[in-house]
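To start, the structure under review is shown below, and the notes come after it.
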Amino acid sequence: MILDEAWSLSPSVALRPEPFGALAYHFGNRRLTFLKRPEMAAVVRCLAEHPDVRTALVAAGVPESQHAAYADALAGLARTDMIRPRGSTRPEGMPRPDDAGAAR
Amino acid sequence: MTMTAERAAGRNRTGSLVEQFELGLAAPICLTWELTYACNLECAHCLSSSGRRDPRELTTEQCESVIDELQRMQVFYVNIGGGEPTIRADFWHLLEYAVAHQVGVKFSTNGVRLSPERARFLASPACGGYVDVQVSLDGATAEVNDHVRGPGSFDTALTALGNLAEAGFTDAKISVVCTRQNIGQLDEFAALADRFGATLRLTRLRPSGRGADVWDELHPLPEQQRVLYDWLMAHGEKVLTGDSFFHLAAFGEPLPGLNLCGAGRVVCLIDPVGDVYACPFAIHDSFLAGNLLTDGGFAQVWRTSELFTELRSPQTGGACTRCGFFDSCRGGCMAAKFFTGLPLDGPDPECVRGFGETALTGTRVIPTASQDHSKPKATRNQPVMLQLLDGPPTAPPVSACAESPLAGFRP
Ligand code: SF4
Ligand code: SF4
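Rendered as structure tokens:
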């Protein structure tokens, strides 16, 4: 269960604060992901400072009733390498770049 | 970041992403930067009326400070275009400079400078996989392509794609402006992309720049829009389209891609002299937000310009709000309406329900261009749109000593 594991933001990812939360950009696979809630942005940002995901959720003020939903969302972010398990030695991925749905 | 916090306080945080986009972002996610108005070609439909270099063009140092600012704003990548950006002597330097400053680059080119050596550079670790190359091609055959892009331009583009593939540069983009003449070639374009290990990108012809002069002749016919829509529904997941075709959503399901007009909200253009416009297809005084040299930098213009503030405020959809497809089509493209002289709060000129065509037959005033960098005299690279000359010739009879190889030719 991801809630009990130690995770962190992927080293190739930068977060840009936005009014709705944050925009996460992965420099390796060039994916742009929108973190649509400020709480989600806060969680992702502080993952590395906490022993496990659950503690990070608590620190970001996410009520326990929403932990499962957040765990799902985080698993989604893990699939595109936005976040990764701490201590992971996964090589820098270079999947196919896309234009992230942006206009040009 | 105070700006961001302030705006966050004033908006509904749980709105959909499209609603959030409509209110604007802290920085653009789709920024185009045209480095020069100079171009070796004279495409008939050039969106920026390019040709001649503007003497006020940003210097290398000024370009570097723009990149520094983009890095500070966390603009993670920029679409570089022109004109033909690669004919700037400092182009390759700026490319490396951007990549070194965490600003990835996708640049659009007609291929003229993509020699085997440059292709190897682009595929090398110096570019670190942060560079995307987009080669423009508006026909899957020389005949159709050169018709609008000029003689020899098809061969130039294919040579460039070949050089990239040869050098091991993977996943270049083949960028096609969809026209009446090439809609029938969609499968051939896809085959070309396969042949070069490239990705196909299809975009909409907008009546911007010189495009305004040829839009009536080149824009796809209503039945071709349907062909395009069906083709995209069948092949869309392999094809990039950006925000080109959301006005086709009224045919049925929305297509993948950005389904809103992002002008001044998530989309923006920096032109070669540092003028900031709402969108690359809207180079006109009416959409000029400011200049990054004289108005305190790009961030300042993006965050505080009156024009952008207005574009981010709730818009009225006019007649379109009564349309059942308004949620996905949203009245279409602002630039397409503006440059055809249609009201901005009404239907798109290519509205698939036909309201645009009706509107086009009414009284309208086509806005005059605010800038034109076209070459004053045609060169040998100018496209000769022979097929488009219908009706009797207006030229005088050809004299016996006329040198043009096309003298006297009647399509
Ligand atoms: S004006 Fe047209 S091209 Fe520009 S952002 Fe809006 S929809 Fe896209
Ligand atoms: S009426 Fe307006 S919203 Fe409806 S399809 Fe036409 S352009 Fe789109």
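Those protein sequences? They're chains A and B, same order as listed.
Each residue of the first sequence is one higher than the one before, counting from 1 in our numbering.
Each residue of the second sequence is one higher than the one before, counting from 1001 in our numbering.
Glycine included, every Cβ here is placed at the ideal spot set by N, Cα and C.
Asked	Found
Cβ-heavy atom distance, Gly1332 of chain B to ligand 1, below 8 Å	yes
Alpha carbon of Gln1071 of chain B to alpha carbon of Tyr1097 of chain B, nearest angstrom	11 Å
Beta bridge counterpart(s) of Ser1108 of chain B as assigned by DSSP	B:Gln1134
Contacts that Ile1067 of chain B makes with chain A (C-beta to C-beta distance below 8 Å)	Per Cβ cutoff of 8 Å: no residues; Ile1067 of chain B is ~16 Å from chain A at best.
Min CB distance Tyr25 of chain A to chain B below 9 Å	yes
Segments of 4+ residues assigned as alpha helix (DSSP H) that fall wholly inside the stretch 1291-1337 of chain B	1298-1304, 1306-1311 and 1326-1329
Ile1080 of chain B: contacting residues in chain A (beta-carbon distance under 7 Å)	What Ile1080 of chain B touches in chain A: nothing, since even the nearest Cβ is about 10 Å away.
C-beta atoms of Met1233 of chain B and Leu1258 of chain B nearer than 9 Å	no
Cβ neighbours of Phe947 of chain B in the same chain (closer than 6 Å, five flanking residues each side left out)	Coverage of chain B is limited to positions 1001 through 1411, which leaves residue 947 of chain B absent and any answer about it impossible.
Proximity test, Gly1252 of chain B beta-carbon vs ligand 2 heavy atom, cut-off 8 Å	no
9 Å Cβ cutoff, Gln1020 of chain B in contact with chain A	yes
Near-chain B residues of the stretch 6-18 of chain A - C-beta to any C-beta below 8 Å	Ala14, Arg16, Pro17 and Glu18
Sequence-distant residues of the same chain with beta carbon closer than 6 Å to Phe1339 of chain B, five excluded per side	Pro1207, Ser1208 and Ala1212
Nearest neighbour of Phe1189 of chain B, chosen from B:Thr1294, B:Asp1171 and B:Leu1137 [CA to CA]	B:Leu1137
Under the three-state DSSP convention, the category Glu1084 of chain B falls into	coil
is_contact[Gln1074 of chain B, chain A] using C-beta, thresh 9 Å	yes
Beta-carbon contacts of Thr1032 of chain B that lie in its chain and below 7 Å, excluding the five residues immediately before and after	Asn1079, Gly1081, Leu1269 and Pro1280
Cβ-based contacts, 8 Å cut-off: residues of the stretch 25-40 of chain A near chain B	Tyr25, Phe27, Gly28, Arg30, Leu32, Phe34, Lys36, Arg37 and Pro38
Listed by chain order, chain A residues near Gly1104 of chain B by CB distance under 8 Å	Phe27 and Arg30
Neighbour list for Ala1026 of chain B in chain A, Cβ cutoff strictly below 9 Å	Arg16, Pro17, Glu18, Pro19 and Leu23
Beta-bridge partners of Ser1175 of chain B, as assigned by DSSP	B:Ser1136 and B:Arg1201
Below-9 Å beta-carbon distance, Leu1017 of chain B vs any chain A residue	yes
Arg86 of chain A classed as buried or exposed, judged by whether at least 16 other C-beta atoms fall within 10 angstroms	exposed
DSSP three-state assignment for Val58 of chain A, whether helix, strand or coil	helix
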